[in-house]
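2 protein chains.
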Amino acid sequence: MKVLITGGAGFLGRCLARELLARGSLKDTSGKPQAVTELVLLDVVRANDFGDSRVRTEVGDIAERGVLERVIDERTSAIFHLAAIVSGQAEADFDLGMRINLDASRLLLEICRERGHKPRVLFTSSVAVYGGDLPNVVHDDTALNPQSSYGAQKAIAELLLSDYTRRGFVDGRVVRLPTISVRPGKPNAAASSFASGIIREPLNGETAVCPVEGATRLWLLSPRKAIENLIAALELDTALLGTGRALNLPGISVSVDEMVAALREVAGEQAVRRIVWERDARVEKIVGSWPGRWDTSRAESLGLTGERSFADVIRSYIADERIQLR
Amino acid sequence: MKVLITGGAGFLGRCLARELLARGSLKDTSGKPQAVTELVLLDVVRANDFGDSRVRTEVGDIAERGVLERVIDERTSAIFHLAAIVSGQAEADFDLGMRINLDASRLLLEICRERGHKPRVLFTSSVAVYGGDLPNVVHDDTALNPQSSYGAQKAIAELLLSDYTRRGFVDGRVVRLPTISVRPGKPNAAASSFASGIIREPLNGETAVCPVEGATRLWLLSPRKAIENLIAALELDTALLGTGRALNLPGISVSVDEMVAALREVAGEQAVRRIVWERDARVEKIVGSWPGRWDTSRAESLGLTGERSFADVIRSYIADERIQLR
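Chain order of the listed sequences is R and P.
Residue 614 in my numbering sits at position 317 of the first sequence, with consecutive numbering throughout.
Residue 331 in my numbering sits at position 34 of the second sequence, with consecutive numbering throughout.
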């Protein structure tokens, strides 16, 4: 089986590639495991090939037709489309967000349609598709009302994927990712970047700025569970999704204060003291428009699972990254 | 004031142009009436200029940048964007629907953005943005779940308009039109074309095919009220719309059986006998995915109004079109 990951050099792309190589197989549309014989990793920079002969790395601009034509052929039976311009950057550079989050997603669907073999395509969408006057609890079918360009572009890509699926051009699925925390590495331009930073930096003995109030409620998922869910969503029997192709993944609803309390529980008061509270209106506006409570019973009934406690998420992060608490 | 109507040669475009010329003015953003000094009617065929010196007709493909650049300048302060590929045709020709319903709508917004003067832009959307498992009553903020390519394209155009508005590129508004009935003239490729045909043809002494069951519920608005509402929505104080730019217009919820009963009430049994019942699965699938009951209290609270009875709609049609009952 040939598999493509767009955004293959990004954090989730890298984690997903590593996991697919470790598993060695992916279920086909009849539910039977098939060996992953070729894993194509596309990104604007060269992805890690893990020294594995099954990996082919491709460097290119995903909004260019020739690039996508090079990585999608009639044997590409599963596509994880993760490439995106993150929320903060899409708000700062409208045209770039439209080009990558909308145009490239459409082009990817269009090339699948031209190939004619109806591949399984998984899009990652986001909490940012929600906004405005939200109900207390968000369901899979709560109206999309994005209040950021990133959210609007993701919502549009969802609609495109649904229509391309309805017409039989692709077999599409969408997972709306909670904010991923704790991400290793450096801060990025996502408005939600602090949701990793306020845990990661203090654990590394560094200070981190928290740009929102402690009462701000977030919807979080660990990288490890995110990857498990991406694979499970791609492997789902398509008939179970019906006309509702988008799934809200089971995350944990926590306030920033609760995140800090979990950090204190795991790493002590000295870690918490490394958080500097400096409100940033731009970040507050974007993050504040996202819902903090979710009903994910549909995803759970389809076998997708999340974490139970944020303290456990922090402990997994410490174990995975081999961090020495100080 | 310079006003543009796209789809200016279409039925609604023609009615709207006639009404704007008759009124002679449109409220500006401060609510003051301003004389309509130039009315540009764009379409793929030449629109009627009503022999009025204020009218300028332009012929061109709305998906071409040069055409839109010719009709939108810094003095264009109100745009009614009605041009569209109808539901049945967008389902039959996917690429054409994408080009006109999505790409041209985006291009129109993009050229407004380039002009930089933040014009008021009214998009007409449709009941077809709804579908799937619907609640008993549809509200303005019921989730969009289109089950046709036309509906998907309209839903995407709504999202684009909302984001361009949020960013201050345009001052956008969307009205979701009920099915317009009774339209004069000939049947068209819309899946809902029969909703006019089963009234219009019998009144003209001709037979009409009804492709759906009598229990099918429709959401209807007369052409006259539709035009009033388009103008009222464009004139609305933008602040009253807030982040929810789309309004479901106040239509009448009627079953096809009730439409037929109203025809009987107005024109007698001989008219009803001219309806031939021949179910068409293609039409039933599209029309059956649309909701039949609506809560339009938001539009009404903003001063938009609809009809009270479908028999009155038929009587207006007979009066407007000077039909001799036989």
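Heads up, the beta-carbon is just placed ideally off N, CA and C, and yes, glycines get one too.
Within the chosen definition, does the segment 357 to 367 of chain R reach the segment 400 to 410 of chain R through at least 3 CB pairs nearer than 8 Å?
-> yes
Below-8 Å beta-carbon distance, L533(P) vs any chain R residue | no
Rounded straight-line distance, which links the Cα of V471(R) to that of F377(R) | 10 Å
When you compare each of K299(R), S322(R), T513(R) to T373(R) by their alpha carbons, which one comes out closest?
-> K299(R)
Proximal residues of chain R, C-beta to C-beta of A452(P) below 7 Å | L456
Contacting positions in the segment 380 to 404 of chain R - beta carbon closer than 8 Å to chain P = F391
Under 9 Å from the C-beta of G429(R): neighbouring residues of chain P = D438, G539, T540, G541
Which residues DSSP lists as bridging R473(R), in chain order = S422(R), N545(R)
Under 8 Å between beta-carbons, which chain R residues line up against L441(P)? List them in chain order, please.
-> A440, L441, L456
Using a C-beta cutoff of 8 Å, does S459(P) count as contacting chain R?
-> yes
Tell me which same chain residues have a C-beta within less than 7 Å of the C-beta of G429(P), skipping the five on either side of it?
-> N442, Q444
Chain R within 8 Å of Q444(P), Cβ atoms only | yes
Of all the options K582(R), R561(R), A596(R), T504(R), which has the alpha carbon lying nearest to the alpha carbon of E525(R)?
-> A596(R)
Nearest-angstrom Cα separation, counted from T476(R) out to S327(R) = 32 Å
Host alpha helix (DSSP H) of V276(R) (start-end) | Given that chain R is displayed from residue 298 to residue 623, the structure contains no residue 276(R) and the question cannot be resolved.
Minimum length 3: unbroken beta strand (DSSP E) runs contained in the segment 430 to 486 of chain P = 468 to 474
Excluding the five sequence neighbours on either side, which residues of its own chain have a C-beta within less than 6 Å of the C-beta of S422(P), listed in chain order?
-> K451, E455, V471, R473
Would you mind telling me which residues of chain R sit closer than 8 Å to R464(P), beta carbon to beta carbon, in chain order?
-> F391, S446
Output yes or no for whether 8 Å exceeds the beta carbon distance between L515(R) and A564(R).
-> no
Spell out whether any CB of chain R is found under 8 Å from the CB atom of A449(P).
-> yes
Quick one: what does DSSP say D346(P) is sitting in, helix, strand or coil?
-> coil
Would the segment 503 to 523 of chain P and the segment 532 to 550 of chain P be scored as touching if the rule is three or more Cβ pairs under 8 Å?
-> yes
Would you tell me roughly how many angstroms separate the C-alpha atoms of V467(P) and V364(R), rounded to the nearest one?
-> 34 Å
By Cβ distance, which residues of its chain are closer than 6 Å to S586(P), with the 5 residues on each side in sequence left out?
-> G428, Q444
Just reading off the beta strand (DSSP E) that K329(R) is part of, what are its end residues?
-> Unbroken run through K329(R): none, as it is neither H nor E.
Which residues mark the beginning and the end of the beta strand (DSSP E) in which A505(R) is found?
-> 505 to 507
Does at least one heavy atom of the ligand HEM sit under 7 Å from the Cβ of E566(P)?
-> Summarising the ligand content, the structure contains no ligands, and the ligand HEM is consequently not present.
C-alpha distance - L533(P) paired with L323(P), whole-angstrom precision = 11 Å
Looking at the unbroken alpha helix (DSSP H) that takes in R514(P), where does it start and where does it end?
-> First-last for R514(P): 514 to 518, but that is the beta strand (DSSP E), not the alpha helix (DSSP H).
For S384(R), which of L336(R), S446(R), M395(R), G413(R) has the nearest alpha-carbon?
-> S446(R)
Please go through the same chain and pick out, in chain order, the residues whose beta-carbon is closer than 8 Å to the beta-carbon of V509(R), but skip the five residues on each side of it.
-> F491, V553, R576, D577, V580, E581, V584, G585
Could you check what DSSP says for T373(R) in three-state terms: helix, strand or coil?
-> strand
Residue environment, E618(R), which counts as buried when at least 16 other CB atoms sit within 10 Å = exposed
Tell me whether the beta-carbon of A314(R) lies closer than 8 Å to the beta-carbon of L339(R).
-> no
Alpha carbon to alpha carbon, how far is V426(P) from A319(R)?
-> 42 Å
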